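This note's numbering applies: residue 50 is where the sequence shown begins, and numbers increase by one. For glycine and all other residues, C-beta sits at the position ideal for the given N, C-alpha and C. The structure displayed is predicted, hence computed values, not measured ones. These notes concern the structure reproduced below.
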Amino acid sequence: MVALSGGIGGAKLALGLSRLVPGEDLVIVANTGDDFEHLGLHISPDVDTLMYTLAGLANLDAGWGRAGETWTFMSALERLGGETWFLLGDGDLATHVERTRRLAAGEALSAVTADFCRRLGVAPRLLPMSDDPVRTVVETPQGELDFQRYFVERSCEPVVRSLRFAGAEQARPHPEWLREAARPDTAAIVICPSNPFISIDPILALPGAREALRAATAPVIAVSPVVAGDAIKGPTAKMMRELGLPVTAHAVAAHYAGLIDGYVLDEADASEADQIAVPCRTTATLMRDESDKVRLAAEVLRFAEALNRG
Ligand code: FO1
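If you want it as structure tokens, here you go:
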């Protein structure tokens, strides 16, 4: 199974899938459009959110960073007049320092990620979408903003006119996930309930990514991040309004038109299923605790089996 994911919402379903799909049979492809250099460090927010979630180390309340984090580094940095708009906990800092050192020594992001995951006891294969840099840039009426300046420093307040993924055209998708997507025994390719515009579109912007999904024999199934006209967390709903889209599960399905073979939407949106061009499965999609995550993952797997049977 292959799952495409951003941070928070996607990581919840990825955790559910990891409880049902044994070890390396699950390949999770992480968005790296949110990556940036900060304080001389390479930060990979979605890779880390997935890694910490799968390792049982995540701060589930915040949706990013590690549980039980301490903030000595941040306080000391503040006293010295350093940049404090982006919070780096002490334990998290170790991830960024060690990753940056290894990247500078010539290792690929995927190799560093694989080694961190092994050391932290993460069983699924977590792959950055590409080892080449891709940077999401937000176009606003006030000009362009680098993604983390928009998301964290400006709290997603600027109006989004459009998004671009700098470097995507030259970047190579990591070959391992293309290979897994193409395998005849792959059960499904799941587009997790992440923000379509900032978490999934950067993956789809990589050369050959859309073609790989279209050519796959496995059904491509997207799970709606929109429930009853809102998004669970993050700026998805605000962004859809600003991009001139209705905030509906249907609009997300339409965004993936031509790519998906099935769509999972919430019971609250059951009335939209008729208008959606692909087979739909309606279920409870809110993931409050681990049992919700496993239950939704099981539903997605059953749906994949039904689509596979044709
Ligand atoms: N999100 C915030 O809203 N504020 C932060 O200070 C912040 C710090 C941070 C540090 C490391 C990391 O891996 C993620 C962090 N995030 C923070 C989350 C992150 O920037 C966004 O949630 C994602 O990029 C969106 O998927």
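For residue i, three-class secondary structure by DSSP
i      : result
Tyr101 : helix
Val161 : helix
Asp83  : coil
Asp181 : coil
Ile252 : helix
His223 : coil
Arg337 : coil
Arg263 : helix
Glu127 : helix
Asp323 : helix
Gly59  : helix
Ala107 : strand
Ile281 : coil
Check: residue i C-beta below 8 Å from any heavy atom of the ligand FO1
i      : result
Asp250 : no
Gly105 : no
Phe165 : no
Ile57  : yes
Leu152 : no
Ile281 : no
Ile309 : no
Distance between residue j and residue i (C-alpha atoms, nearest Å)
i      : j      : result
Val327 : Pro182 : 33 Å
Thr133 : Gly192 : 23 Å
Arg184 : Met288 : 18 Å
Val161 : Gly89  : 17 Å
Gly278 : Thr297 : 5 Å
Ala104 : Leu169 : 6 Å
Thr332 : Arg115 : 30 Å
Asp234 : Ala261 : 15 Å
Thr138 : Met123 : A small correction: the amino acid at residue 138 is Gly; Thr does not occupy that position in the sequence shown. Their Cα atoms are separated by approximately 7 Å.
Span of the beta strand (DSSP E) around residue i
i      : result
Ala215 : 211 to 215
Ser22  : Within the shown structure, residues of the chain are numbered from 50 to 359, placing residue 22 beyond reach of any answer.
Pro177 : 174 to 177
Val269 : 269 to 272
Boundaries of the alpha helix (DSSP H) in which residue i is found, first to last residue
i      : result
Glu147 : 139 to 153
Leu379 : The question about residue 379 has no answer here: the residues shown for the chain are numbered 50 through 359.
Thr285 : 285 to 291
Val301 : 298 to 304
Inset, instruction - State whether the segment 293 to 308 contacts the segment 270 to 283, with contact taken as three or more CB pairs (one from each stretch) at a distance under 8 Å. - result: yes
Inset, instruction - Kindly confirm or deny that the segment 65 to 84 and the segment 165 to 178 touch, where touching means at least three C-beta pairs closer than 8 Å. - result: yes
Legend entry - Cβ contact (3+ pairs, closer than 8 Å) linking the segment 337 to 353 and the segment 59 to 69: yes
Inset, instruction - Evaluate contact between the segment 136 to 153 and the segment 211 to 218, counting only Cβ atoms and requiring at least three cross-stretch pairs below 8 Å. - result: no
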